[in-house]
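In case it helps, the working numbering puts the sequence shown at residues 976 to 1451. The structure appears right after this line, and notes come after that.
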Amino acid sequence: MAEQRVVIGFDSSTQSTKALAVDLDTGAVLGQGRAPHTVSTGAGRESDPEQWWRALGEAAAATGWADRAAAVSIGGQQHGLVTLDASGAPVRPALLWNDVRSAPQAAELRTAIGAAELARRTGSVPTAAFTAPKWAWLRANEPAAAERVAAVRLPHDFLTERLTGEAATDRGDASGTGWWGPDGYDKDVLDRIGLDPALLPPVLAPGAQAGVIRPGTPLRAGTPVATGTGDNMAAALGLGLLPGQPVLSLGTSGTVYAVGRQRPVDPSGTVAGFADALGGWLPLACTLNCTLAVDRFAVLLGRGRDEVEEGGTAVVLPYLDGERTPDLPHASGLVHGLRHDTTPGQLLQAAYDGAAHALLAALDGVLRAGGADPAGDEPLLLIGGGARGRAWQRTVLRLSGRAVQVPDAQELVALGAAAQAAALLTGEPADTVARRWRTAHGPVLEAVEKDEEALTRIGDTLRRAGALQGAPAEDR
């Protein structure tokens, strides 16, 4: 009888590290582990990379396969700025994707180079979420710390390097920095923000091996380690996405994306022209406020998260952490249209609607940017922590007008990383591995009539609320 081969995929997210031990041949999940992270509160959003490393070891051990895995790979939260000194230790806590303090530096970069030119060169118009403005913020606000930096990494790069001792990144995660394009690292952008390219890791080819696990780590020494990638790219791999299949992910942040047939370039900045973890593209729109923001409204209203009610005219823009799409980094939550007969359940439903609105409004642009037809009848794949919530499902059905498919597989970022690890051993592309594992299989919810009235009400409120939300004058 052939020996069972098992791979481990990791998802190092904002809130925790998840690990899945997966049978290479069948895709069956044989073990899993989870360990929490701590994120700062207050003006910024920071996290100590050393706790990610400890959490990775704890999550790996909990799978029961840490000492037997045949290969591993790491998917990680995008955009985070990890700064290391000459010994490889963090200079300071990592600046996370949802830290909006670098909004002025993002605006300066757009002004200096031009939004259209940045989109042409790097695929995206950088906002405060991107890594390039975060480095500019660090140089401006903590110059002594910036001077000590000997290496700049993304979260998944940091963990991969801790495992292997080798510096490496991939094109998918690199495409979310604001300093990488199809021709590699962009010297003009790096010069503008004062970042020496020698501090950056090499970008490995899709499917490459980053190295092998070195002795003294929580996993078996000598085990092959795949390059890894950003969390959205890993989830796309985990679903085995084909071009044009739209995905809406409901997590701490919300994202909508599709594998593209062409390189996306959106000078408006709504669609980020990311690369995928293979050789293609992943046009994507992202919001900062999704499930956590709606859950906060539920707490404030004293309701369970599914205790929503239809009707009413209230509009909620749940921008509790500023917002990325639309680009309103200094925005706050807004409630408009309250009446005497507005109920708590209606107000909670309005929070769901407000969180979903920006993502669904960007869906057509995401599909067009990748060369797909927005009028296609592909079901919208609904993933992430909110995907199984009844209120989320009903909201997405009502505001999208599309059929919605909810994959049975969970922890798709970790599954995508596991598929990368498996691909090292089988020679297949990682998305082919995931399709063989049937990770996207799940029930399809039939389409309902799109609620155009609610979409129009939210859109009108957003346009009229520009002054309150910090929109520049020309956008009002």
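Glycine included, C-beta positions come from ideal geometry on N, C-alpha and C. Bear in mind the structure is a predicted one, so any value in this text is a computation, not a measurement.
First and last residue of the uninterrupted alpha helix (DSSP H) at residue i
| i | result |
| --- | --- |
| Asp-1435 | 1427 to 1439 |
| Leu-1387 | 1387 to 1401 |
| Ala-1143 | No alpha helix (DSSP H) holds Ala-1143; DSSP gives it neither H nor E. |
| Ala-1330 | 1319 to 1344 |
| Val-1371 | 1365 to 1375 |
Proximity of residue i and residue j at Cβ, strictly below 8 Å
| i | j | result |
| --- | --- | --- |
| Ala-1453 | Ala-1409 | Beyond the ends of the chain as shown, which are 976 and 1451, falls residue 1453; an answer cannot be given. |
| Val-1234 | Gly-1345 | yes |
| Gly-1340 | Asp-1241 | yes |
| Gly-1002 | Val-1388 | no |
| Leu-1309 | Gln-1444 | yes |
| Ser-1099 | Ala-1247 | yes |
| Leu-1214 | Pro-1382 | yes |
| Ala-1325 | Leu-1374 | no |
| Gly-1297 | Leu-1263 | yes |
| Pro-1319 | Gly-1376 | no |
Sequence-distant residues of its chain with Cβ nearer than 8 Å to residue i (five each side left out)
| i | result |
| --- | --- |
| Gln-1380 | Pro-1354, Leu-1355, Leu-1356, Leu-1357, Ala-1415, Gly-1417, Pro-1418, Val-1419, Leu-1420 |
| Gly-1434 | His-1332, Ala-1336 |
| Gly-1226 | Ser-988, Cys-1265, Thr-1266, Gly-1359, Gly-1360, Gly-1361 |
| Glu-1449 | Note that Glu-1449 scores a pLDDT of 47, beneath 50, so its modelled location is shaky; the value from the coordinates is reported in the next line. Hits under 8 Å: none found. |
Neighbourhood of residue i by C-beta distance below 7 Å, restricted to the same chain and skipping five residues each side
| i | result |
| --- | --- |
| Arg-1451 | Confidence at Arg-1451 is low in this model, with a pLDDT of 38, below 50, so its placement is unreliable and the value that follows should be read with caution. Cβ neighbours of Arg-1451 beyond the five flanking positions: Gly-1441, Ala-1442. |
| Leu-1399 | Ala-1046, Gln-1184, Pro-1199, Ala-1201 |
| Ala-1010 | Ser-991, Thr-992, Ala-1030, Glu-1033, Ala-1034 |
| Gly-1156 | Arg-1096, Thr-1097, Gly-1098 |
Paired residues, beta bridge with residue i - DSSP
| i | result |
| --- | --- |
| Val-1200 | Val-1047, Gly-1186 |
| Cys-1261 | Thr-1230 |
| Pro-1011 | Ser-991 |
| Tyr-1160 | Trp-1155 |
| Ser-1022 | Ala-1069 |
| Ile-1358 | Ser-1224 |
| His-1311 | Val-1290 |
Member of the options whose CA lies at the smallest distance from the CA of residue i
| i | options | result |
| --- | --- | --- |
| Pro-1176 | Asp-1148, Thr-989, Ile-1168, Pro-1157 | Asp-1148 |
| Leu-1138 | Ala-1115, Gly-1159, Leu-1031, Arg-1236 | Leu-1031 |
| Leu-1390 | Val-1290, Gly-1402, Thr-1407 | Thr-1407 |
| Gly-1523 | Asp-1270, Arg-1432, Arg-1236 | Any property of residue 1523 remains undetermined from this structure, which presents the chain solely from 976 to 1451. |
| Ala-1078 | Lys-1109, His-1054, Val-1066 | Lys-1109 |
| Pro-1181 | Phe-985, Met-1208, Asp-1281 | Met-1208 |
| Arg-1299 | Ala-1111, Gly-1244, Leu-1070 | Gly-1244 |
| Lys-1425 | Arg-1411, Thr-1370, Thr-1436, Phe-985 | Thr-1370 |
Neighbourhood of residue i by C-beta, 6 Å cutoff - its chain only, sequence neighbours within 5 removed
| i | result |
| --- | --- |
| Ala-1405 | Leu-1212, Ala-1394, Gln-1395, Ala-1398 |
| Arg-1195 | Asp-1042 |
| Ala-996 | Val-981, Ile-983, Leu-1005, Gly-1006, Thr-1038, Trp-1040 |
| Gly-1287 | Thr-1317, Gln-1321 |
| Arg-1146 | Val-1178, Ala-1250 |
| Phe-1133 | Pro-1024, Val-1057 |
Continuous beta strand (DSSP E) stretch holding residue i: start and end
| i | result |
| --- | --- |
| Arg-1128 | 1126 to 1128 |
| Phe-1249 | 1247 to 1250 |
Any non-hydrogen atom of the ligand ADP within 7 Å of residue i CB
| i | result |
| --- | --- |
| Gly-1051 | The ligand ADP is absent from the structure shown, which contains no ligands of any kind. |
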